[in-house]
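Before any comments, here is the structure.
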Amino acid sequence: MGIKSNKQTIPALLLALLLLLFTQQPQAMAHTKLLLATPDIASEIESWPTSITLEFDEELQNLGDEKANFVVVNNAVGDQVSETDEQISGNTITVTLSANEVKGPVLVFYHVVSSDGHPVEGEYKFTYGVGEVTAQGVEDNKEAEYPIGIYLASAIFIISGLFFAIYSYRRRNR
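Throughout the sequence shown, residue numbering follows mature numbering (1 follows the signal peptide of the UniProt record, and there is no 0), covering -30 to -1, 1 to 144 in sequence.
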């Protein structure tokens, strides 16, 4: 009787595990998002700022690595104009900018670690003055909001495991 109850318990546990997986909202799905940037996203400014400040919807984590969170700013000809002195305070990161005489589009790239421990990268542009020079190597990075590959691989893995469990269960009961 103990063996038969174990055979009945395994499929019930698998079913309970599957229900738990599909009903729980995973934390890794909600990465931090950029809320506010100074200078503003896609803005046109006349005077060069002394710093860039980015505010996110979650607190940023410092993983002990001084470069876990950073901001890189490139002027219109691709020269880096940001220092390496990022300051993190809660959900805000600020970086000092060096002097810049080149007018045109400015690219701000950021890499931060969200409260769930996952790194998040992004970029935005603003324009300094009215320059004719265009930023080099600046492309719109449209990443998928939800990584479909991870979902597809997870679904295949779960369904394969379920079929294997059912097949094994039926084979033992013959």
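We treat Cβ as the ideally placed atom computed from N, Cα and C, and that holds for glycine.
Look at Val45 and Asn70 and say whether their C-beta atoms are less than 7 Å apart. One detail in the question is off: residue 45 reads as Asn in this sequence, not Val. The answer is yes: Cβ separation under 7 Å.
Sequence ranges, beta strand (DSSP E) only - wholly within the segment 33 to 102, length at least 3: Listed in chain order, they are 40 to 44, 57 to 59, 62 to 66, 74 to 83, 89 to 98.
Ignore the nearest five residues each way along the sequence and tell me which others in Gly107's own chain have a CB closer than 6 Å to its CB. For Gly107, the pLDDT reaches just 48, beneath the cut-off of 50, and the residue's location in the model is therefore unreliable, although a value from the coordinates is still provided. For Gly107, where only same-chain residues beyond five positions count, there are no Cβ hits under 6 Å.
Sort out for me which residues DSSP pairs Phe26 with in a bridge. Phe26 pairs with Leu4.
What is the rounded straight-line gap between the Cα of Glu25 and the Cα of Asp49? In this structure, the alpha-carbon of Glu25 lies about 24 Å from that of Asp49.
Residue 149 classed as buried or exposed, judged by whether at least 16 other C-beta atoms fall within 10 angstroms: A query on residue 149 cannot be resolved here, the shown segment of the chain reaching from -30 to 144 and no further.
What is the rounded straight-line gap between the Cα of Asn61 and the Cα of Arg144? Separation of Asn61 and Arg144 (C-alpha to C-alpha, rounded to the nearest whole angstrom) is 60 Å.
Find the nearest neighbour of Ser52 within the set Pro89, Gly99, Thr8, Ser21, judged by alpha-carbon distance. Out of Pro89, Gly99, Thr8, Ser21, the CA that lies nearest to the CA of Ser52 is found in Ser21.
What whole-angstrom Cβ distance do Glu56 and Phe40 have, given they're in contact under 8 Å? The Cβ separation is near 5 Å, so the contact holds.
I need the DSSP call for residue 208, collapsed to helix, strand or coil. Past the boundaries of the shown model lies residue 208; the chain is included only from -30 to 144, so the question cannot be answered.
At the level of alpha carbons, what is the spacing between Val76 and Lys95? Using only the alpha carbons, I get a separation of about 5 Å.
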